[in-house]
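Just so you know, the protein sequences line up as chains A and B, in that order. Residues in the first sequence are numbered from 0 upward in steps of one, following numbering that gives the first Met the number 0. Residues in the second sequence are numbered from 0 upward in steps of one, following numbering that gives the first Met the number 0. From the three backbone atoms N, C-alpha and C, an ideal C-beta is built for every residue, glycine too.
There are 2 protein chains.
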Amino acid sequence: MHPHILIIGGGFAGLWAARALRHAPVRITLLDRDNHHLFQPLLYQVATAGLSAPAIAAPLRQILRKQDNVTVLLGEAVDIDTAAKQVQLSDQRKIGYDTLILATGATHAYFGNDHWAEHAPGLKSLDDALRIRRQILTAFERAEAEDDPDKRAAWLSFAIVGGGPTGVELAGTLAEIARHTLRGEFRRADPRQARVMLLEATPRILGSFPESLSEKARKQLIRLGVEVHTGKAVKTIDEYGVSVGDERIAARTVIWAAGVAASPLARCLDVPLDRAGRVPVEPDLSVPGHPQVYVAGDLAAVQCKGKPVPGVAPAAKQMGNHLARVIIAKLKGKPALPFRYRDYGNLATIGRKAAVVDLRGFRFSGVFAWWFWLAAHIFFLIGFRNRLVVLIDWAHAYWSYQRSARIILGDEEARPRTPDDEYDTAAEATHQRTESAATD
Amino acid sequence: MHPHILIIGGGFAGLWAARALRHAPVRITLLDRDNHHLFQPLLYQVATAGLSAPAIAAPLRQILRKQDNVTVLLGEAVDIDTAAKQVQLSDQRKIGYDTLILATGATHAYFGNDHWAEHAPGLKSLDDALRIRRQILTAFERAEAEDDPDKRAAWLSFAIVGGGPTGVELAGTLAEIARHTLRGEFRRADPRQARVMLLEATPRILGSFPESLSEKARKQLIRLGVEVHTGKAVKTIDEYGVSVGDERIAARTVIWAAGVAASPLARCLDVPLDRAGRVPVEPDLSVPGHPQVYVAGDLAAVQCKGKPVPGVAPAAKQMGNHLARVIIAKLKGKPALPFRYRDYGNLATIGRKAAVVDLRGFRFSGVFAWWFWLAAHIFFLIGFRNRLVVLIDWAHAYWSYQRSARIILGDEEARPRTPDDEYDTAAEATHQRTESAATD
């Protein structure tokens, strides 16, 4: 009986580990609470109605269907018993393992203000993205329906908290939607008067980039029509807006892109975590004192050449591949090698024809950086069909300034449907007649 | 000041009426509770994970943005005051009109068993489609996780109530998903053992078609692996299955395609409705006693050449265009002509390479009918981009047997996310680091 490798999390780290083990004499179980692998770098495109949800996600079963040594399981792990080598699921199921790979990534964190979540959704899952999309599109509709100019202005004000890559992408895209996409579609509200504000607590946006590129990004955002506020922390967030420093900003739409923290599952390991809840691991990515447990991706706190490995997709993929090598080495009785991170650089898109790229010191920005970013993301997107559909949506968006997914979905509470309670037998009578409406 | 035409409903009837009035000296308000026009004939493709929601919907504002005499309004009409010529919205807004066009279509009806709705969702809106998609995909996941063979079989059993075109499409597509799409993706459950049952109360399916085509459709469904049960009405529906006649069928997934009734809004008109809640209108589609109120689409009960006009998309479009002509004629003081329905035929798709077509007596079925159906639906789909994306998704599905939208969304209650309540200031510390995960 081959040893059982349990991988929790079907993100870049977990999925790449499973694929790299395809020829290894092991039984793999890949557990995820979603049925799909998500291409998170393009999640902001779903939130801003540029792409449909299925365009950036692929079912884990489909990706792995030909890999016979993998079983994909839909479920949420809630506890880990390292002594019994067992994982507990939310539906009471228990799964044993010989080797555990923990790759559950990060969730957004509100710095201890969890009540902000209600007014300022974060962006980590497809459901988050669809909620944000609904809020953004609905805000313009509310503005159109509003008579009071101040209230209308508040509906046309969008505050994005956090000047990291996600915040910058959201702000740049929102500005384009207001300035171009919606132009001429409203009769009373003027989307071009919308305010898009990017609020960053530290002195500069894109802090993970060199200062020169942060400055270029700021200039490009301003050119796109974004108000960039730096150096002041958000004090309060409510239904009607935000307070920054001692300034009050009226904005009915607030989006949270400011903080993420490691998945809470790490706390089950009974090992000291770092301040962000990540697991400080050994050089081979194993958990100190638990040689059968490994951590990969955003959940792992690991150093390489004295520098912390950043929480980016390429690092997660590399950790996944490394763990496959470690496990195969162990099976052959060979020693495990330490993880080495190959840094290929750092990209951030800002908006139409605007991006910044830092390739190991080779830095550029603007149109060329944007095309470079576009090509890289299309290339890394999983699945031929997805790449093609995304390309078409983007080509279409590029030439027409239109967005292909401007559909408001699932806001049932705001739009109750009257249940039909009469016409009982009557409905039957016309069933065939009205039914045929569905095919012609 | 030009007269104000209020159109309620952005479906085929309402949207076509608005577009046909583009050169008329009128002010048009198009009111819809959704922000999009839905291409309903392909809704079953979203419910069966073949297409993404945005692929078959387009924002009404975008469609009408260049038509200056139209204002699009998002809102739900709840009452009509024909004396004051005013429509009441659910959010207390009131909208006056000179001429009212009521085109709110039909909703699904449960023959007085509204409690069935909880266990057997119907298919009218995109939200309905996404709910059904989630249930279908989740059912296979539950089967894979289930140890008890009987319970697993129940999760692999799908009952579709109603043998009209929608029921036939859903059954045929579900059979293909079980037999082909999911093949080899599960390790414990075998999707090919799934039971797909089509339950029709009348003696034959596709009752709106000639008997010969109903029979051909039945044979094609059986070939695809569908169990066709006719001549027995459903007695009860609950969480665990359905009772048909005196037979009990265990099926954890039940879909309602059996009955629709006209939109309840018609009741506000204080005129006698037919047994299905439709408004019997004058030959020019005006409401008896209310010359300023017209009804179009599925909501209108109208005869043409002694036959009732069927509730199909072409009829709705024709009614919309006719109302534009009537309104223009009235403005010129000319008499309104009666509505004439041009019947181009009736199509129904059954599944891969299977369909039935009845073009004014010219009847055919099978592969050719399927290609004919495909071409017709691609052609009539609104928007160049949508057509292209739908074509690609279908070409991809045709060659690979894969479905492009197999993503489970929005089942929050079933998988609660643990809120992050610790790592307060800590999260801030690593904000930049983990944030950059979003762009690389």
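Beta carbon proximity, residue i to chain A, threshold 9 angstroms
i, result
"B:R441", "Outside the displayed span of chain B (0 to 439) sits residue 441 of chain B, for which this structure offers no information."
"B:Q302", "no"
"B:A335", "no"
"B:A216", "no"
"B:A299", "no"
"B:A56", "yes"
"B:L125", "yes"
"B:D90", "yes"
"B:E143", "yes"
"B:I4", "no"
"B:L408", "yes"
Reference residue i, options the options, closest by Cα
i, options, result
"B:L205", "B:C267, B:V227, B:Q317 and B:A17", "B:V227"
"A:F208", "A:G319, A:V69 and A:R362", "A:R362"
"A:A257", "A:T229, A:F38 and A:E246", "A:T229"
"B:P2", "B:A56, B:G240, B:K331 and B:A249", "B:K331"
"B:L129", "B:Y43, B:Y343 and B:P164", "B:Y43"
"B:R359", "B:D342, B:A76 and B:A353", "B:D342"
"B:W372", "B:R351, B:V388 and B:I381", "B:R351"
"B:V25", "B:Q39, B:A116 and B:R324", "B:R324"
"B:V195", "B:A52, B:G163, B:F157 and B:P164", "B:F157"
"B:T235", "B:V253, B:P164, B:L220 and B:Q219", "B:V253"
"A:Y293", "A:V270, A:P307 and A:G305", "A:V270"
Inter-residue Cα distance where the pair is residue i and residue j
i, j, result
"A:L132", "A:G9", "Strictly speaking, residue 132 of chain A in this sequence is Arg, with Leu absent from that position. Those two C-alpha atoms are separated by around 24 angstroms."
"B:G288", "B:G13", "22 angstroms"
"A:L50", "B:L136", "22 angstroms"
"A:R191", "A:A170", "14 angstroms"
"B:A153", "A:E281", "47 angstroms"
"A:V167", "A:G224", "12 angstroms"
"A:A265", "A:L99", "12 angstroms"
"B:L122", "B:R274", "22 angstroms"
"A:R178", "B:G319", "33 angstroms"
"B:P279", "B:K231", "31 angstroms"
"A:G161", "A:V243", "12 angstroms"
"B:R18", "B:N385", "19 angstroms"
"A:A374", "A:Q317", "21 angstroms"
"B:L408", "B:K329", "49 angstroms"
"B:L272", "B:W255", "25 angstroms"
"B:Y109", "B:H118", "11 angstroms"
"B:E143", "B:E238", "19 angstroms"
"A:P202", "A:G111", "22 angstroms"
"B:W15", "B:A314", "11 angstroms"
"B:A260", "B:L380", "25 angstroms"
"A:A57", "B:G163", "32 angstroms"
"B:V356", "B:G365", "9 angstroms"
"B:I221", "B:E175", "12 angstroms"
Cutoff 9 angstroms: residue i Cβ touching any chain B Cβ
i, result
"A:L14", "no"
"A:E140", "yes"
"A:P53", "yes"
"A:V71", "yes"
"A:Q61", "yes"
"A:T47", "no"
"A:R64", "yes"
"A:Q317", "no"
"A:Q401", "yes"
"A:T172", "no"
"A:G74", "yes"
"A:T443", "Not covered by the structure: residue 443 of chain A. The range shown for chain A is 0 to 439."
"A:G8", "no"
"A:L129", "yes"
Selection of the region 20 to 35 of chain A by Cβ proximity to chain B, strictly under 8 angstroms: Answer set for the region 20 to 35 of chain A: R32, D33, N34 and H35.
Near-chain B residues of the region 364 to 397 of chain A (beta-carbon distance less than 7 angstroms), N- to C-terminal order: Against chain B - using a Cβ distance shorter than 7 angstroms - the residues of the region 364 to 397 of chain A are R384, L387, V388, I391 and H395.
Chain B contacts made by the region 218 to 245 of chain A, where a contact means CB separation under 8 angstroms: Considering only beta carbons, no part of the region 218 to 245 of chain A lies closer than 8 angstroms to chain B.
At least 3 beta-carbon pairs within less than 8 angstroms: the region 331 to 341 of chain A vs the region 175 to 194 of chain A: Judged by Cβ distances under 8 angstroms, the region 331 to 341 of chain A makes no contact with the region 175 to 194 of chain A, as fewer than three pairs qualify.
Within 9 angstroms of chain B by C-beta, residues of the region 174 to 197 of chain A in sequence order: Answer in chain order: T180, L181, R182, G183, E184, F185, R186 and R187.
The region 21 to 41 of chain A in contact with the region 65 to 72 of chain A per 3-pair CB rule at 8 angstroms: Yes, they touch.
Contacting positions in the region 90 to 111 of chain B - beta carbon closer than 9 angstroms to chain A: From the region 90 to 111 of chain B, only D90, R92, G104, A105, T106, H107, A108, Y109, F110 and G111 have a Cβ closer than 9 angstroms to chain A.
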